[in-house]
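**Q** Before I ask anything, here is the structure I am working with.
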Amino acid sequence: MGMVLFYISLAVVLIVVVVLVVYLLAIIIALRHASRNLYQLAGGLDAIVKDTQPLPEKMQTINGALSQLLAGLVAVDGDLAAVAKLFGR
């Protein structure tokens, strides 16, 4: 009876070890895929940093042009409001 319990215990321990090895291998594979994806993400973020470096200079130009456009649009809005009053709307 003692030997049967020994073999059953040995089989259970072996099954637990095999299951742990399988899970650990799956974790290793998942971490390697994640590492590869993070490397690609870091490369993409570096490209974004390089591409957006000239933006502050260009934003000043864009903001100046939009300020001029705003002044023109406010004038047009005033004219349209006057026309709407003439038509009674």
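Those letters in the sequence shown? Residues 44 to 132, by the working numbering.
We put the CB at the ideal spot given by N, CA and C, even for glycine.
This structure is a prediction, so every number in the text was calculated from the model and none was measured.
In three-state DSSP terms, what is His49?
**A** Note on residue identity: the sequence assigns Phe, not His, to residue 49. The answer is helix: DSSP assigns Phe49 an H, G or I state.
**Q** Which full runs of the alpha helix (DSSP H) of 4+ residues lie inside the stretch 45–119, going along the chain?
**A** Look at the stretch 45–119 and you find these whole runs of alpha helix (DSSP H), each 4 residues long or longer: 45–95.
**Q** Could you give the DSSP three-state label for Gly131: helix, strand or coil?
**A** coil
**Q** Would you report the Cα separation of Val62 and Ile72, rounded to the nearest angstrom?
**A** 15 angstroms
**Q** If you draw a straight line from the C-alpha of Asn80 to the C-alpha of Gly87, how long is it?
**A** 11 angstroms
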